[in-house]
């Protein structure tokens, strides 16, 4: 399940402001969307309904169980490229009719692609929901693409890559670390795609990908807001339910994530870097691949180790030693396959990155050998469960939590049970997680470094600093 990853991004600012002794939370009485329900149409489309009657607003999301990790070899970036093309119109609604209608109705829309899914959403007044569902159902199978539309959009995607990745050293380091961490697995390819492969994508590639994966049996519809299950069932049957799909349930075909056999160090030097950073990543199970109770323990471990400004990493590296300006950890639980656990830090001027990395690993080792305190366990659970409470106040957040979780292998019941499962995590569970997956296990360290005249001269080019260059040192 992907609840914590999704909620963390939405509530991070609030959680960071929690005091060292957060207000008590009844660990056995926290619920998430208790009235949420699900059903499946005859054509295989799963529908999730999350009632929220505080305002006459609805969030409508269609999630496809297809992401960048499902792309054909050599076609990286095509899932994201198709996301762009989905706004180019259908025979019934040509051009940007859909988007202009959403704007005219005072709503908002967007779309996003990840390793494991692609999603489209609109938030509008309740009375406009039938129109949104009709629009989205129409483009599920009715997208009309021509070369004069698809070719220019490919250039837009390439420019997006240049702006988001090729001008951002930290993003380039991220790509290099991913490629090193996920050896022989598509998680090692960037969601936006490798530049040369994106440039080679064709109109036919986009059409084939669309017809292969955009269908009811590979999708999840999530509607949150001032609605009932009966209302959504009728609307869904009258829109999405009319789309035939005889291909059956969607099945993924991917290799397993390989365990690292040795530590690796990736360094990226760039003259544009003004603040150096370091990160250490381990392969760990996701909620979809973990044994019962393991993922929840890893969630709590991430919170104790580096989830906020009272965590072990922040206390040691920032508050006490002063060798870092920031430090933390996170568990990227949102994944179909095995995923990552990361510790990170930003050094103060003159601090040694190797020393910071060693101290971070020592913090992991201490938990593995000596466990966590009762107070650390209580605080971590309180923070995690508080994030659920905060998420209840945001309708679109709930829709995203359910959509991301279900498309990566969870059920509605799994999501509802997450608070109670977190409350059951013991100190021994957390210690075991650290022992099993982190302490002494192979990892990938990524360093973002400033390119100085001295380092440039070592490369024989002191007069003209080179662009970002990532090097796998070991």
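Numbering (mature numbering (1 follows the signal peptide of the UniProt record, and there is no 0)), first residue to last: -22 to -1, 1 to 452.
Beta carbons are placed, not taken as given, at the ideal position from N, Cα and C, and that holds for glycine.
Per DSSP, cross-strand counterpart(s) of residue i
| i | result |
| --- | --- |
| residue 385 | BP columns for residue 385 are empty, so no partner. |
| residue 42 | 96 and 197 |
| residue 164 | Note: residue 164 sits in no beta bridge, so no partner. |
| residue 453 | Residue 453 lies beyond the stretch modelled for the chain, which goes from -22 to 452, so this question has no answer here. |
| residue 16 | 26 |
| residue 255 | 426 |
CB contact below 7 Å: residue i versus chain D
| i | result |
| --- | --- |
| residue 333 | Absence of chain D from the displayed structure is noted, only one protein chain being present. |
Neighbour-count burial assignment, residue i, 16 or more Cβ in a 10 Å radius
| i | result |
| --- | --- |
| residue 391 | exposed |
| residue 346 | buried |
| residue 145 | exposed |
| residue 213 | buried |
| residue 270 | exposed |
| residue 24 | buried |
| residue 168 | buried |
| residue 141 | exposed |
| residue 14 | buried |
| residue 296 | buried |
| residue 359 | buried |
| residue 222 | exposed |
| residue 375 | buried |
| residue 134 | exposed |
| residue 335 | buried |
| residue 12 | exposed |
| residue 187 | buried |
| residue 412 | buried |
| residue 310 | buried |
| residue 421 | buried |
| residue 87 | buried |
| residue 32 | exposed |
| residue 94 | buried |
| residue 371 | exposed |
| residue 105 | exposed |
| residue 85 | buried |
| residue 318 | buried |
DSSP state of residue i mapped onto helix, strand, coil
| i | result |
| --- | --- |
| residue 206 | coil |
| residue 399 | helix |
| residue -1 | In this prediction, residue -1 has a pLDDT of 45, which is less than 50 and means its spatial position is unreliable; nothing more can be read from the coordinates. |
| residue 429 | coil |
| residue 410 | helix |
| residue 185 | helix |
| residue 35 | strand |
| residue 391 | helix |
| residue 222 | coil |
| residue 496 | Absent from the model: residue 496. The displayed extent of the chain is -22 to 452, so no value can be given. |
| residue 404 | coil |
| residue 229 | coil |
| residue 379 | helix |
| residue 47 | helix |
| residue 276 | helix |
| residue 418 | coil |
| residue 367 | helix |
| residue 152 | helix |
| residue 268 | coil |
| residue 180 | coil |
| residue 159 | helix |
| residue 362 | helix |
| residue 173 | helix |
The ligand GDP heavy atom lying under 6 Å from the CB of residue i
| i | result |
| --- | --- |
| residue 365 | With respect to the ligand GDP, the structure offers nothing, as it holds no ligand at all. |
Checklist entry - Considering only residues of the segment 280 to 360, which uninterrupted alpha helix (DSSP H) runs meet the minimum length of 4 residues and lie entirely inside it, listed in chain order? => result 331 to 348
Next on the checklist: Suppose only complete runs of 4+ residues qualify. What are the alpha helix (DSSP H) ranges in the segment 105 to 146, listed by chain order?
Outcome noted: 107 to 119 and 125 to 139
Checklist entry - Which full runs of the alpha helix (DSSP H) of 4+ residues lie inside the segment 53 to 114, going along the chain? => result 56 to 63 and 75 to 82
Checklist entry - Between the segment 195 to 207 and the segment 372 to 381, are three or more C-beta pairs nearer than 8 Å? => result yes
Item to check | Segment contact, 8 Å Cβ cut-off, at least three pairs: the segment 219 to 232 with the segment 253 to 264 | outcome: no
Checklist entry - Any contact of the segment 109 to 116 with the segment 41 to 60, i.e. 3+ C-beta pairs under 8 Å? => result no
Checklist entry - Touch check for the segment 70 to 88 and the segment 168 to 181: three-plus C-beta pairs under 8 Å? => result no
Checklist entry - Three or more beta-carbon pairs under 8 Å between the segment 396 to 409 and the segment 363 to 373, yes or no? => result yes
Checklist entry - Taking one C-beta from the segment 86 to 104 and one from the segment 149 to 157 each time, how about it: are there three or more such pairs within less than 8 Å? => result no
Checklist entry - Is it true that the segment 348 to 362 meets the segment 402 to 412, where meeting means three or more beta-carbon pairs spaced less than 8 Å apart? => result yes
Item to check | At least 3 beta-carbon pairs within less than 8 Å: the segment 242 to 252 vs the segment 280 to 287 | outcome: no
Checklist entry - Are at least three pairs of beta-carbons, each pair with one atom in the segment 176 to 196 and one in the segment 286 to 304, less than 8 Å apart? => result no
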